[in-house]
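Participant: Numbering (my numbering), first residue to last: 695 to 1177.
1. To the nearest whole angstrom, what separates the beta carbons of residue 1006 and residue 984, a pair I think is in contact under 8 Å?
2. Would you kindly report the start and end of the unbroken alpha helix (DSSP H) that includes residue 755?
3. Would you mind working out which of 1061, 1075 and 861 sits nearest residue 1106, comparing C-alpha positions?
4. From what residue to what residue does the alpha helix (DSSP H) around residue 914 run?
5. For the beta strand (DSSP E) containing residue 801, list its first residue and its last residue.
6. Have a look at residue 1110 and residue 824 and give me their C-alpha separation to the nearest angstrom.
7. Tell me whether the beta-carbon of residue 975 lies closer than 7 Å to the beta-carbon of residue 953.
8. How long is the line joining the alpha carbons of residue 867 and residue 1074, rounded to whole angstroms?
9. Check the C-beta distance from residue 1146 over to residue 1161 and give it rounded, since I have them as a contact under 8 Å.
10. Relative to the C-alpha of residue 854, which residue among 913, 820 and 964 is closest?
11. Tell me the rounded alpha-carbon separation between residue 1034 and residue 1115.
12. In whole angstroms, give me the CA-to-CA distance for residue 1057 and residue 1069.
13. Helix, strand or coil: which one does DSSP assign to residue 1148?
14. Drop a sphere of 10 angstroms on the beta-carbon of residue 1055, count the other beta-carbons inside from all chains shown, and report buried for 16 or more, exposed for fewer.
15. Alpha carbons only, please: which of 828, 1129 and 886 is nearest the one belonging to residue 796?
16. Please classify residue 1128: is it buried, with 16 or more other beta-carbons within 10 angstroms of its beta-carbon, or exposed?
17. What whole-angstrom Cβ distance do residue 801 and residue 791 have, given they're in contact under 8 Å?
18. My assumption, with CB atoms under 8 Å, is that residue 865 sits in contact with residue 890. Please give the rounded CB distance.
19. Shortest alpha-carbon distance to residue 1121 belongs to which of 911, 917 and 1050?
20. Ignoring anything shorter than 3 residues or poking outside the stretch 993-1033, list the beta strand (DSSP E) runs there in chain order.
21. Just verifying my parser: in three-state terms, what is the DSSP assignment at residue 725?
22. In chain order, which continuous runs of the beta strand (DSSP E) of length 3 or greater are located wholly inside the stretch 823-897?
23. Where does residue 842 land, buried or exposed, given buried means 16+ other C-beta within 10 angstroms?
24. Return the Cβ separation of residue 894 and residue 863 in integer angstroms, given the expectation that the two are a contact with Cβ distance under 8 Å.
25. I need the straight-line Cα distance from residue 1126 to residue 1137, nearest angstrom please.
26. Would the stretch 959-975 count as touching the stretch 1006-1018 if we require 3 or more Cβ pairs under 8 Å?
27. Since residue 833 and residue 793 are thought to touch, with beta carbons under 8 Å apart, how far apart are those beta carbons, to the nearest angstrom?
28. Taking the runs of the beta strand (DSSP E) that are 3 residues or longer, which of them lie wholly in the stretch 1097-1157?
29. If you measure between the beta carbons of residue 1142 and residue 1100, is that distance less than 7 Å?
30. Can you tell me the Cβ-Cβ gap for residue 1037 and residue 1011, rounded? I've got them flagged as a contact below 8 Å.
31. Would you mind sorting residue 1152 into buried or exposed? The rule is 16 or more other CB atoms within 10 Å of its CB.
32. Using the Cβ count rule (16 or more neighbours within 10 Å means buried), how would you classify residue 968?
33. Could you tell me the boundaries of the beta strand (DSSP E) in which residue 971 lies?
34. Among 707, 1022 and 788, which residue has its Cα nearest to the Cα of residue 803?
35. Ignore the nearest five residues each way along the sequence and tell me which others in residue 1159's own chain have a CB closer than 6 Å to its CB.
36. Out of 856, 1096 and 717, state which residue places its alpha-carbon closest to the alpha-carbon of residue 1175.
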């Protein structure tokens, strides 16, 4: 609300690219206001005699003056019912290059997001799916419940509950070899039949989350049930022996109890998203109970071929922390530490920690560095290139640009911890651009380039793959810079 002095001067607050400012308009300057855009001064609205503008003229001011709130009509009592917003649909087109064997058109994956929520934010639904021409799909559904629970609410406990469903599938083309000939030095096959394998993941999560100690600390319990399977496509046997039908192999059934503590103590200021200051920490404990066909062995039961499962029950612990230290002139230094361990005996690499990729050690690909144990430290120096840009292009408003350089030291292993001088090293740089779309939606763009200084080989299914001594490039458009 503006404040008006006795001589007609006006004080009011206005928002600019530098934040909120107090503006002072003297009485003489008000004569320059364009006719029709000026305001009417009312000492005691709406009781004073005045002239109304626009839609205000349709109001019945007299009824407001004489409103009697002592006499209340007899309203019918009704039980309160939740009111949901209308279902909102967001179509999208995704370019998914996870499956490198797919052609360009097969990497295009159209999809749809659906959302709705209770007006009081007690319940919400978020679901979506996408599929490509090979019928590779990504489906999910998340239902959140934030209302009172009997008995618990009386004790001051009001957890947020969630039910999450996920289903993902990917296909791979394979060759099946028949009639081996080992007479020579090298084994050859007389017949080769091509088919495909469809890998499926189905997962259900039950989640309960509650604040503890303070508003920026949370404790989350999660039970995760997961089922991994592979379906071999039908194919014709050689020598006209007929059709071999599609077979399905469930190679893992997992149950996971997870407890997660998070601390988010970031300073609230205008550049907090692009250049955070403060502390972030997460500590995760898991107890996993898995039935896994690790040796690809099968037994015949009732005339059917069934997987021979091994039990892998183990504890897992992981710490991930970030300390964002302010330096000078909006410069910051961030120290990130991540450590993880599977406690007890070694387990198959299916359950490994992964250290590389966009969400970790960017100097190496995601699958390059993995093991039952991990350790990683990252130092990032970030500073502004341009602030208060205040430029617009179409629906985009450009506010600020930051730049950072960083270095990595880390490794993952199974068994004995390696020497520190064998840990993987890397460095990189990142450009962050903060915009808003339609003056409403935050729009965050980043470009990242990283180089791994160490070259090493890994043997995967009898194939040697080399990593390191190469550049890795990343980029993205998100609502924030959480990655």
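Beta carbons: idealized from backbone N, C-alpha and C, even for Gly.
Facilitator: Short version:
1. 4 Å between Cβ atoms; contact.
2. Residue 755 -> alpha helix (DSSP H) spans 755-759.
3. Closest by C-alpha distance to residue 1106, out of 1061, 1075 and 861, is 1061.
4. For residue 914, there is no enclosing alpha helix (DSSP H); the residue is part of the beta strand (DSSP E) that begins and ends at 911-926.
5. Residue 801 -> not in any beta strand (DSSP E); alpha helix (DSSP H) instead, spanning 798-801.
6. Roughly 43 Å between the two C-alpha positions.
7. Against a cut-off of 7 Å, the Cβ pair of residue 953 and residue 975 comes out as no contact.
8. About 41 Å.
9. 7 Å between Cβ atoms; contact.
10. Considering only alpha carbons, the answer is 913.
11. Straight-line spacing of the CA atoms in residue 1034 and residue 1115 works out to 19 Å.
12. Roughly 15 Å separates the two Cα atoms.
13. In this structure, residue 1148 counts as coil in the three-state DSSP scheme.
14. Counting Cβ neighbours within 10 Å, residue 1055 comes out buried, since at least 16 surround it.
15. If we check each option's Cα against that of residue 796, 828 comes out closest.
16. Taking every protein chain shown into account, the CB of residue 1128 has 16 or more other CB atoms within 10 angstroms, so this residue is buried.
17. With a Cβ gap of about 5 Å, residue 801 and residue 791 count as contacting.
18. So it is a contact: roughly 5 Å between Cβ atoms.
19. Answer by Cα proximity: 1050.
20. Counting whole runs of 3 or more residues, the stretch 993-1033 contains the beta strand (DSSP E) stretches 998-1001 and 1004-1020.
21. Here residue 725 carries a helix assignment [DSSP, helix/strand/coil].
22. If we require 3 residues or more, the beta strand (DSSP E) runs fully inside the stretch 823-897 come out as 831-839 and 854-875.
23. Result: exposed.
24. Between residue 894 and residue 863 the beta-carbon gap is near 5 Å, inside 8 Å, which marks them as a contact.
25. Straight-line spacing of the CA atoms in residue 1126 and residue 1137 works out to 11 Å.
26. Three or more beta-carbon pairs separated by less than 8 Å link the stretch 959-975 to the stretch 1006-1018, which places the two stretches in contact.
27. In fact, because the Cβ distance is near 17 Å, the residues do not count as touching under 8 Å.
28. Taken in chain order, the complete beta strand (DSSP E) segments of 3 residues or longer contained in the stretch 1097-1157 are 1118-1131, 1135-1146 and 1150-1154.
29. Against a cut-off of 7 Å, the Cβ pair of residue 1100 and residue 1142 comes out as no contact.
30. A Cβ-Cβ separation of about 6 Å places residue 1037 in contact with residue 1011 under the 8 Å criterion.
31. Exposed, by the Cβ-count rule.
32. By the 10 Å Cβ count, residue 968 comes out buried.
33. Where residue 971 is concerned, there is no enclosing beta strand (DSSP E), because DSSP gives it neither an H nor an E.
34. Looking only at 707, 1022 and 788, the smallest Cα-Cα distance to residue 803 is reached by 788.
35. Only 1152 meet the Cβ criterion.
36. With distances taken between Cα atoms, residue 1175 lies closest to 1096.
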